[in-house]
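Enquirer: Below: one structure in C-alpha cells.
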Amino acid sequence: MTAKLVLGIDIGGSGIKGAPVNLTTGEFSEDRLKIPTPKKSTPKNVAAVVAEIAEEFADQIGQGPVGITIPAVVRAGITLSAANIDKSWIGAQARDLFAEALGRDVILVNDADAAGLAEVQFGAAKGNLGKVLMTTLGTGIGSALIYKGVLIPNTELGHIEVNGHDAETKASSGAKERDGLSYKEWAPRLQNYYDMIERLIWPDLIVVGGGVSRKAEKFLPLLKLNAPIIPAELENRAGIIGAAYLASNPDQLRAPMAVTDPQRKP
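Listed below in C-alpha cells is the structure:
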C-alpha cells in the first residue's frame, strides 16, 4: 500500500520551507525546498513563494490539501497577529489567499502549534496522552498545548508576565544572547518562567524546541520542575511535519459553532 504524502509548508521570518511528508512515518519523502522569505513579506509576496513550493511537489501530492504554518495567531483562517512578517498580515483572510494562490484546499495554523503537534504525533512526546506543553526558545518563546493528542491552538504562553516582564523578553534564547548570559546564568530565568507555567496549567510533560534545544544538556538539567522536561526531536522539520499532519486531520482546527446569547440584541 502506497504511503500517503501530504505537503507541509513552514513560513518563517527568513525562509519559507516545504516538503512532502509521509504520514505513516512522519518523515520527508524528499528533501525540503527552502526559498528566502521576501524582504517585503506581504501576503501577496509570501503567497507567491508558497505557490512556487507547492508547484515543485505537485506530482507527489496530487490534488490533496496543503498544510501551511505562519508566525501568527490564526482563527477561522484569519491571521490576527504578525511576528517577523509584514504587519499587513494582521486581519488578513490568509487561508483564502493561500487557497486561491495554490488552487487547492489549505489548512493554516500557527507555527508553534504545528511544531508541538508534530512532536506529539511523531517526535519526543509520541504516544503521550497527557497534557503536553511545547515551548520553542528562539528570538521569542512560542508555545503549543496538546491534551490527549488534541491541539488547543493559539496559547501564546511566551507572553505571560513573570516578575513584571513579558516572559520572552527575559527567558528566550534571544534574550540570553542579547544579555550575554552563560547557560548557568540563563537557567534562573527559565526556572522562573517554567515555575509560572506550572502554576497556571500543570503540564504532564514539557518539550523544549528551538535551535538552542540542540544544547539541552547544558541547561535542562539545571531546572527543577514537577513535570519532566525534555528536548524536542524533530528540530526544524517540526513545522512542516505538523502542517502536513493537520492538512490530513483538519478537524483538529475546526472551530466550534458560536453560542447564541438570547439576551444579545442583533
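For what it's worth, the numbering used here labels the leading residue of the sequence shown as 5, then goes sequentially. No residue lacks a Cβ here, since even glycine has one placed at the ideal position from N, Cα and C.
Decide yes or no for the touch test of the stretch 99-110 against the stretch 135-155: beta carbon pairs closer than 8 Å, at least 3 of them.
Expert: no
Enquirer: How big is the Cα-Cα spacing for Glu239 and Pro225?
Expert: Translated into the one-based positions of the sequence shown, residue 239 becomes position 235. Translated into the one-based positions of the sequence shown, residue 225 becomes position 221. C-alpha separation (whole angstroms): 20 Å.
Enquirer: I'd like to check one pair, Ala251 with Gly71: are the Cβ atoms closer than 8 Å?
Expert: Here residue 71 refers to the residue found at position 67 of the sequence shown. Here residue 251 refers to the residue found at position 247 of the sequence shown. Contact: yes.
Enquirer: I'd like the ranges of any beta strand (DSSP E) spanning at least 3 consecutive residues and lying wholly in the stretch 103-158.
Expert: 110-114, 135-141, 145-151, 154-156
Enquirer: Taking the straight line between their C-alpha atoms, what separation do you get for Gln125 and Ala231?
Expert: Here residue 125 refers to the residue found at position 121 when the sequence shown is read from its first residue. Here residue 231 refers to the residue found at position 227 when the sequence shown is read from its first residue. Rounded to the nearest angstrom, the two C-alpha atoms are 20 Å apart.
Enquirer: Please name the residue in Asn158, Tyr198, Leu185 whose C-alpha comes closest to that of Glu165.
Expert: In the sequence shown, counting from the first residue as 1, residue 165 sits at position 161. The candidate whose alpha carbon is nearest that of Glu165 is Tyr198.
Enquirer: Look up Pro192 in the DSSP assignment and say whether it is helix, strand or coil.
Expert: Here residue 192 corresponds to residue number 188 of the sequence shown, with the count starting at 1. Correct three-state label for Pro192: helix.
Enquirer: Can you tell me whether DSSP reads Thr83 as helix, strand or coil?
Expert: For the purposes of this step, residue 83 is taken as the residue at position 79 of the sequence shown. Strand, per DSSP.
Enquirer: Determine the contact status of Asn132 and Leu27, defining contact as a CB-CB distance below 8 Å.
Expert: Locating residue 132 in the sequence shown gives position 128, where the first residue counts as 1. Locating residue 27 in the sequence shown gives position 23, where the first residue counts as 1. Their beta carbons are not under 8 Å apart, which means Asn132 does not touch Leu27 by this criterion.
Enquirer: Hey, which unbroken runs of the beta strand (DSSP E) at 3 residues or more fall wholly within the stretch 164-212?
Expert: none
Enquirer: Do Val25 and Ala175 count as a contact pair if the criterion is CB distance below 8 Å?
Expert: Translated into positions along the sequence shown, residue 175 becomes position 171. Translated into positions along the sequence shown, residue 25 becomes position 21. The answer is no: Cβ separation not under 8 Å.
Enquirer: Secondary structure at Val77, three-state DSSP: helix, strand or coil?
Expert: Counted from its first residue, the sequence shown places residue 77 at position 73. In this structure, DSSP gives Val77 a state outside helix and strand, which the three-state scheme calls coil.
Enquirer: Could you say if the stretch 84-94 and the stretch 40-60 meet the contact criterion of at least three C-beta pairs nearer than 8 Å?
Expert: yes
Enquirer: Using 8 Å for Cβ pairs, my map puts Ala128 next to Glu237. What's the rounded Cβ distance?
Expert: Here residue 128 refers to the residue found at position 124 when the sequence shown is read from its first residue. Here residue 237 refers to the residue found at position 233 when the sequence shown is read from its first residue. Going by Cβ atoms, the distance from Ala128 to Glu237 rounds to 4 Å, so yes, they are a contact pair.
Enquirer: Report the rounded CA-to-CA distance for Ile74 versus Asn114, giving the unit in angstroms.
Expert: Looking up residue 74 in the sequence shown gives position 70. Looking up residue 114 in the sequence shown gives position 110. So the two alpha carbons sit approximately 5 Å from each other.
Enquirer: Would you kindly check if the distance between the Cβ of Glu123 and the Cβ of Ala242 is under 8 Å?
Expert: Against the sequence shown, residue 242 aligns to sequence position 238. Against the sequence shown, residue 123 aligns to sequence position 119. Yes, the Cβ-Cβ distance between Ala242 and Glu123 is below 8 Å.
Enquirer: Under the DSSP definition of a beta bridge, which residues are partnered with Ile65?
Expert: Locating residue 65 in the sequence shown gives position 61, counting from the first residue. The partner list for Ile65 (beta bridge, DSSP) is empty, contrary to what the question assumes.
Enquirer: Given this structure, state the Cα-to-Cα distance separating Met200 from Ser18, to the nearest angstrom.
Expert: Working through the sequence shown from its first residue, we reach residue 200 at position 196. Working through the sequence shown from its first residue, we reach residue 18 at position 14. Approximately 31 Å between the Cα atoms of the pair.
Enquirer: Using DSSP with H/G/I as helix, E/B as strand and the rest coil, what is Glu34?
Expert: As a first step, residue 34 must be located in the sequence shown, where it is residue number 30. Coil, per DSSP.
Enquirer: To the nearest angstrom, report how far apart Lys269 and Ala220 are at their CA atoms.
Expert: Indexing the sequence shown from 1 puts residue 269 at position 265. Indexing the sequence shown from 1 puts residue 220 at position 216. With a pLDDT of 41 at Lys269, under the threshold of 50, the modelled position of this residue cannot be trusted, and the question is left open.
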